[in-house]
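Note that the protein sequences, when read in sequence, are chains W and Y. Anchor point for the first sequence: position 603 equals 603 in this note's numbering, and the numbering is continuous, going up by one each time. Throughout, this note's numbering is defined as the position within the second sequence, counted from one, plus 1000. So the structure is just underneath, and the comments pick up after that.
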Amino acid sequence: MAQSNTMHQILVCQGTGCESSKSAKINQALAEEIKRSGLSDSVQIKTTGCHGFCQQGPIVVIEPEGIFYTGVKIEDAPEVVKSSFVEKKPLERLLYHDPATNKAIPLYKDIQFYSQQHRLILRNCGEINPEEIEDYLARGGYTALKKVISSMEPTQVISEIQRSGLRGRGGAGFPTGKKWEAAYKAKGSPKFAVCNAGAFIDRSVLEADPHSVLEGMVIAAYAVGASQGYMYVLADYHLAMKRFNLAMAEARKRNLLGKNILGSKFSFDVDISQGAGAWVCGESRALLYSIEGKRGMPRVKPPLSVDAGLWGLPTSTNNLRTLASVPLIINKGADWFAGIGTEGSKGTAVLGLTGKIVNNGMVEVPMGTTLRKVIFDIGGGVPGGKRFKAVQTGGPSGGCLPESALDLPVDFEALSKAGSIMGSGAIAVMDEDTCMVNAAQGFLSFCRDESCGKCVPCREGLPMMVEIIERVTAGKGKPEDMSRLREMSDTLIQGSLCGLGRTAPNPVLTSMRYFRDEWEAHINEKRCPALVCKALINFYILPDKCQGCGICARACPADAITGAKRMVHVIDQSKCIKCATCLEKCPPKFSAVKKVSGEAVEVPKEPVPIAAGTGAK
Amino acid sequence: MVTETDVRKQTRDIIAPLKGRQILLIPAMQAVQQKLGYLPPEAMEEIGELAGVSTNIVYGVTTFYAQFRTKPVGRRRVAVCRGNACNVRGSERILETIGRALNLKVDETTPDREYSLETVACLGACALAPAMKINEETVGKLTTKAVEDLFPKKAKQEGTPEK
């Protein structure tokens, strides 16, 4: 595909996020429009992977200008084409608007969400067509592999990675070079190189830039001497699998994968292993058992997987983002990489911003960037004018950190010191409407359901801990419950084989440590300050505000509301299931439904006529 | 009605192309489930035979992984994500609302086998939280209102759901 300088490109995001907003149809509509406008010779449509700014999807970018359109709909296609290529003036209404100033920002690079990032692992995401190897090659793809194969010994590759300080991005942060060295030295043949693509972020990278992962994987295999590789992807991640399969086929055609790679003696091929849905399979040993077709359970170490992994043979397992970093380190050098990040954590962190945050999506920052910068400067803070309350880092077994922890740097050491983890890179923001006891219960229940059942403290301890918290949120907590939870957490941490069991208590421990007041309110005062825990809240219809419209009574799924036209409606507290439907349905101009915890509201027992002169006219 | 022999034959046909592969058991189970919708006991026996393991092992793997089912499910499988991001954004309420709309609890199927309700650990569509999947289609940024629109009153059935 030759491109002259006058050639324009329309980049249409087809990551999972934008795709579920029908971006494939937008692509089609744009293509038809270009044809109709006779622009086929000068405008090319390119499908890309995720830009990371999923909140604003579907995303369309006009290159070479770098104009960034958000929330594009199918019917916008004619206007997008006309304004971009005929009138040559960006279409104002689809531009990203700065939430603070409400000013339109036409260019990609000027948007704060992007300008504050440092994109290494995501270097190609959203910019290349993941289904075209040419796009990747044009950006220097596979030059690292060529360099490695033509001029480096496996030991040189290993020492380069060791010097770079790269640590595993899967959660544990084990030094990658050290793992490779052990796998290189391990006795046994054949050896295996496995890539774990289990998390949301991994999926996005695999969808957007499959070749950099594949290149990293081939280099890893060369370094450790592996002849067979496995890409472990959840069976649900159809698009990621399709694109990786395509990438492998293209690479094989060009002799970048398969027998005698680039004419050398080194042969290596990869097969996809579809995970069948078990969270514990993020643990490397459980993952390997899963590939073997067994129940994915961890086992006692040693022997380590590098010595006795798949079918008892030496296996190097790396996270997808670790592998995607490798080609860059080889090309730019270990010193360059070691210059990014902090003392103990080198390079960048890819973070998935989720929860109560304005800019949901995927971002990449140097290790050591503060949580505050990530959540407020890049993430845009908490939506709806609500107050920030807590952030959970690393996934369901990460700790919940309070506002006072916002100046902590995002790196392996600092997060672990504060009681959380780097984990999967997930950043889940909670606002003032979140009850931290209820949140801890939710996260712990998730871990309980995902426990593989091998270690007794995890299998038996987690359900017991959930039971205790359920009692607390039901208003039946006892003063000794908190110390009991701490004791059980201790047993779990000491008595579990894998990371799931050892980290599962994190959300509970941090919730009790940083939000003690809230736990005490539940236990001692039977009150839920965030108005979340159903057993501790009540809904009332305020007689001075109710206009007797009856919307709430018709919507109530429990038939708990009585009333008639122009009568103050009343909720039967014994029937109320606390679903909050009435609160949502009551017209905002009345706002007659009130949610309370631990306080009594004076309301009539039976419907009464609306008092004259009150409420809305 | 599909007979036991049909299931055995179908299973053998589905898994035949996988013969000789190094990773076999789980791909075979996935292939069979994709065609039959679930893993009947006879299918497990056939798969075990091909993979050279006992039916016990196949059953053990079936119950371990969330993907595998031992009972038939509805034509429309509603899978609500309960991952971290969705949890924080209120997936619990979405699940309750869907449950009420369809008169189903988690892992139940409507008597006419039109809908079944399940939860998944993570759909990987965290930026669309709270999200769910209806068969292969991801539906994101759910609100209780969106749920009401998706499952109109007539979807609700009074009969006892199948477990």
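Think of the CB as a built atom: it goes at the ideal place given N, C-alpha and C, for glycine as much as any other residue.
Chain W contact for residue i (CB, 7 Å cutoff)
i: residue 1134(Y); result: no
i: residue 1098(Y); result: no
i: residue 1043(Y); result: no
i: residue 1061(Y); result: yes
i: residue 1014(Y); result: no
i: residue 1146(Y); result: no
i: residue 1103(Y); result: no
i: residue 1031(Y); result: no
i: residue 1228(Y); result: Given that chain Y is displayed from residue 1001 to residue 1163, the structure contains no residue 1228(Y) and the question cannot be resolved.
Within chain W, the residues that residue i reaches when beta carbons sit closer than 9 Å
i: residue 1027(Y); result: 273, 274 and 293
Run of the beta strand (DSSP E) containing residue i, from where it starts to where it stops
i: residue 192(W); result: 192-197
i: residue 87(W); result: Premise fails: residue 87(W) is in no beta strand (DSSP E) and is neither H nor E.
i: residue 362(W); result: 361-366
Chain W residues whose Cβ lies nearer than 7 Å to that of residue i
i: residue 1138(Y); result: 16 and 20
i: residue 1065(Y); result: 276, 277 and 278
Straight-line Cα distance separating residue j from residue i
i: residue 447(W); j: residue 606(W); result: 45 Å
i: residue 2(W); j: residue 1038(Y); result: Unreliable placement is indicated for residue 2(W), whose pLDDT of 42 sits below 50; the coordinate value is still reported in the next sentence. Distance between the alpha carbons of residue 2(W) and residue 1038(Y): 49 Å.
i: residue 418(W); j: residue 401(W); result: 8 Å
i: residue 1184(Y); j: residue 1081(Y); result: This structure leaves residue 1184(Y) out entirely; chain Y is present only between 1001 and 1163.
i: residue 357(W); j: residue 380(W); result: 7 Å
i: residue 103(W); j: residue 97(W); result: 5 Å
i: residue 168(W); j: residue 64(W); result: 35 Å
i: residue 534(W); j: residue 598(W); result: 12 Å
i: residue 594(W); j: residue 386(W); result: 18 Å
i: residue 271(W); j: residue 255(W); result: 16 Å
i: residue 615(W); j: residue 1033(Y); result: With a pLDDT of only 44 at residue 615(W), under the threshold of 50, the placement of this residue in the model should not be trusted, and no figure is reported.
i: residue 346(W); j: residue 84(W); result: 41 Å
i: residue 38(W); j: residue 71(W); result: 26 Å
i: residue 1065(Y); j: residue 1059(Y); result: 10 Å
i: residue 344(W); j: residue 181(W); result: 19 Å
i: residue 135(W); j: residue 17(W); result: 22 Å
i: residue 617(W); j: residue 547(W); result: In this prediction, residue 617(W) has a pLDDT of 38, which is less than 50 and means its spatial position is unreliable; what the coordinates show is noted afterwards. In a straight line, the C-alpha of residue 617(W) is about 9 Å away from that of residue 547(W).
i: residue 494(W); j: residue 165(W); result: 29 Å
i: residue 450(W); j: residue 1092(Y); result: 17 Å
i: residue 240(W); j: residue 280(W); result: 21 Å
i: residue 513(W); j: residue 479(W); result: 15 Å
i: residue 156(W); j: residue 339(W); result: 20 Å
Where residue i meets chain Y, residues with beta-carbon distance less than 7 Å
i: residue 360(W); result: 1127
i: residue 144(W); result: By Cβ distance, chain Y contributes nothing, its closest Cβ being about 28 Å from residue 144(W), past 7 Å.
i: residue 203(W); result: 1124
Whole-number beta carbon distance between residue j and residue i, since they are thought to touch under 8 Å
i: residue 472(W); j: residue 489(W); result: With a Cβ gap of about 15 Å, residue 472(W) and residue 489(W) do not count as contacting.
i: residue 288(W); j: residue 305(W); result: 6 Å
i: residue 640(W); j: residue 438(W); result: Past the edges of chain W, shown from 1 to 617, lies residue 640(W), and the structure says nothing about it.
i: residue 176(W); j: residue 322(W); result: 6 Å
i: residue 20(W); j: residue 12(W); result: Their Cβ separation, rounded to whole angstroms, is 14 Å, which puts residue 20(W) and residue 12(W) out of contact at 8 Å.
Any C-beta of chain Y under 7 Å from that of residue i
i: residue 12(W); result: no
i: residue 430(W); result: yes
i: residue 77(W); result: no
i: residue 587(W); result: no
i: residue 68(W); result: no
i: residue 138(W); result: no
i: residue 395(W); result: yes
i: residue 419(W); result: no
i: residue 560(W); result: no
i: residue 557(W); result: yes
i: residue 38(W); result: no
Bounding residues of the alpha helix (DSSP H) (the contiguous stretch that carries residue i)
i: residue 1065(Y); result: It is not in any alpha helix (DSSP H) - residue 1065(Y) carries neither H nor E in the DSSP assignment.
i: residue 179(W); result: 176-185
i: residue 649(W); result: Residue 649(W) lies beyond the range of chain W shown here (1 to 617); nothing can be said about it.
i: residue 1086(Y); result: 1084-1088
i: residue 522(W); result: 516-524
Contact list for residue i against chain W, beta-carbon separation under 8 Å
i: residue 1080(Y); result: By Cβ distance, chain W contributes nothing, its closest Cβ being about 13 Å from residue 1080(Y), past 8 Å.
Interface partners of residue i on chain Y, CB under 8 Å
i: residue 54(W); result: 1127 and 1128
i: residue 354(W); result: 1084, 1085, 1088, 1089, 1126, 1127 and 1129
Under 9 Å by beta carbon: chain Y residues contacting residue i
i: residue 85(W); result: By Cβ distance, chain Y contributes nothing, its closest Cβ being about 30 Å from residue 85(W), past 9 Å.
i: residue 237(W); result: 1124
i: residue 384(W); result: Those within 9 Å of residue 384(W) in chain Y number zero; the least Cβ separation is about 12 Å.
is_contact[residue i, chain A] using C-beta, thresh 7 Å
i: residue 543(W); result: Structure shown: chain A not included; protein chains present are W and Y.
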